[in-house]
Amino acid sequence: MPFIALGVAMIIVDATIVNVAVPSIIRDLHLSATSAEWLNSIYSLVFAALLISAGRAGDRFGRRSLFLLGTLLFVVASLVAATAPTGSVLLLGRFLQGIGGAMVLPSTLSTVNALFQGRERAIAFAIWGSTIGGVAALGPLVGGWLTTDVSWRWAFLVNVPVGVLIAVGVALFIPETRDPADGKGVDLGGNALVTLGFSGVVFALIEGVHYG
Numbered sequence: 017m018p019f020i021a022l023g024v025a026m027i028i029v030d031a032t033i034v035n036v037a038v039p040s041i042i043r044d045l046h047l048s049a050t051s052a053e054w055l056n057s058i059y060s061l062v063f064a065a066l067l068i069s070a071g072r073a074g075d076r077f078g079r080r081s082l083f084l085l086g087t088l089l090f091v092v093a094s095l096v097a098a099t100a101p102t103g104s105v106l107l108l109g110r111f112l113q114g115i116g117g118a119m120v121l122p123s124t125l126s127t128v129n130a131l132f133q134g135r136e137r138a139i140a141f142a143i144w145g146s147t148i149g150g151v152a153a154l155g156p157l158v159g160g161w162l163t164t165d166v167s168w169r170w171a172f173l174v175n176v177p178v179g180v181l182i183a184v185g186v187a188l189f190i191p192e193t194r195d196p197a198d199g200k201g202v203d204l205g206g207n208a209l210v211t212l213g214f215s216g217v218v219f220a221l222i223e224g225v226h227y228g
């Protein structure tokens, strides 16, 4: 359970830790106002759009495998964001982080559901939920401290050692779980429509003024 909670904490913190670092990032990378808005939005957009698809993939092909793959992708994406020389590369890193986060969150929830029973399951779900609530509030504090005393790049670099620790712990201590295939396959059309729908709404909110 500690590594599951740590995985949840990593991806939820990343949704809020960047907010207070945006002014420093704008100065260093000379971001436009639109790019700065996308910096805050693209992670949550990709994360939300892919949750259903990623959760389904974990159920069919293995939740621990999806957890590990998502964590490793998140670490690589964090390195891309932390070392970004331009705003475009930084947005690419945030985009990839969103994919990794969407792979991690549903796999942790379904793993908890599969591994625990009865009272233990209730306790595990309570830990899972309280982790999300607690670290979401912690993100801006950590981001402000790192940006002020070190560098905004450490808001991303901090994910690297944490992600490696999670990957090792999951590989060693979390068993693989999956559901038998139910014959329904993957709803590619529905997944594509959900992703395009979320993307369209956020694009309209951010670029609406520019395009009238």
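So for the sequence shown, this note's numbering puts the first residue at 17; every next one is plus one. Even for Gly, the Cβ is constructed at its ideal location relative to N, Cα and C. Predicted model, so just to flag it, every value in this text is computed and none were measured.
Practice prompt. Can you check the region 124–207 for any alpha helix (DSSP H) of at least 4 residues that lies completely inside it and give the ranges in chain order?
Written response: 134–165, 170–173 and 175–189
Worksheet item: Can you find at least 3 beta carbon pairs, one from the region 34–49 and one from the region 165–173, that sit closer than 8 Å?
Response: yes
Practice prompt. Kindly indicate which three-state DSSP category S33 falls into: helix, strand or coil?
Written response: The sequence position of residue 33 within the sequence shown is 17, counting from 1. In the sequence under discussion, the amino acid at residue 33 is Ile, which differs from the Ser named in the question. Of the three classes helix, strand and coil, the one that applies to I33 here is coil, per DSSP.
Worksheet entry | Nearest neighbour of G86, chosen from L212, V24, T193 and G205 [CA to CA] | In the sequence shown, the residue the question calls residue 86 occupies position 70. Looking at the Cα atoms, V24 is the closest of the given residues.
Discussion item. Does T99 come out as helix, strand or coil in the three-state DSSP assignment?
Written reply: Translated into the one-based positions of the sequence shown, residue 99 becomes position 83. Coil, per DSSP.
Worksheet item: Are the region 129–146 and the region 101–116 touching by the rule of at least three beta carbon pairs closer than 8 Å?
Response: no
Discussion item. In this structure, how does DSSP classify L82 when only helix, strand and coil are distinguished?
Written reply: Numbered from 1 along the sequence shown, position 66 holds the residue referred to as residue 82. Helix, per DSSP.
Worksheet item: Nearest to L204 by alpha carbon, out of R72, G159, V184 and A220?
Response: Reading the sequence shown from its first residue, position 188 is the one you call residue 204. Answer by Cα proximity: R72.
Worksheet item: Is the CB-CB distance between R194 and R43 below 8 Å?
Response: Residue mapping note: residue 194 aligns to position 178 of the sequence shown, counting from 1. Residue mapping note: residue 43 aligns to position 27 of the sequence shown, counting from 1. No. Outside cutoff.
Worksheet item: According to the neighbour-count rule (16 or more other Cβ atoms, all chains shown, within 10 Å of its Cβ), is G150 buried or exposed?
Response: Here residue 150 corresponds to residue number 134 of the sequence shown, with the count starting at 1. Exposed, since its Cβ has fewer than 16 Cβ neighbours within 10 Å.
Item to complete: Identify whether S48 lies in helix, strand or coil by the three-state DSSP scheme.
Response: Stepping through the sequence shown from its first residue, residue 48 is reached at position 32. Correct three-state label for S48: coil.
Item to complete: Inspect the beta-carbon positions of V186 and L95 and report whether they are closer than 8 Å.
Response: By 1-based counting over the sequence shown, the position of residue 186 is 170. By 1-based counting over the sequence shown, the position of residue 95 is 79. Not closer than 8 Å, so no.
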